[in-house]
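Just so we're aligned, residue 1 is where the sequence shown starts under full-length UniProt numbering, counting upward by one.
Think of the CB as a built atom: it goes at the ideal place given N, C-alpha and C, for glycine as much as any other residue.
Only one structure is covered here, and it is reproduced in the block below.
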Amino acid sequence: HAIAYTGTGEYYGAKATINVWDPSIQVTNEFSLSQMWVLSGSFDSDLNSIEAGWQ
Numbered sequence: 001h002a003i004a005y006t007g008t009g010e011y012y013g014a015k016a017t018i019n020v021w022d023p024s025i026q027v028t029n030e031f032s033l034s035q036m037w038v039l040s041g042s043f044d045s046d047l048n049s050i051e052a053g054w055q
């Protein structure tokens, strides 16, 4: 788990390395998740998000 915050500005990309080798679960209602989110805006009114990953 990692979080990064940046200041105000224009950003034109993001990059992540996602490794999924041999995920395991213990019970049937669990799941394994690896993803990256890029968020912009306010959680109150104008949030934008892009998400990529594997579940």
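Proximal residues to residue i (C-beta, below 6 angstroms), its chain only, five neighbours per side dropped
i	result
I50	V38
Proximal residues to residue i (C-beta, below 7 angstroms), its chain only, five neighbours per side dropped
i	result
A16	M36
Proximity of residue i and residue j at Cβ, strictly below 7 angstroms
i	j	result
S40	N48	yes
A34	I18	First, the amino acid is wrong: residue 34 is Ser here, not Ala. Yes, the Cβ-Cβ distance between S34 and I18 is below 7 angstroms.
V27	W54	no
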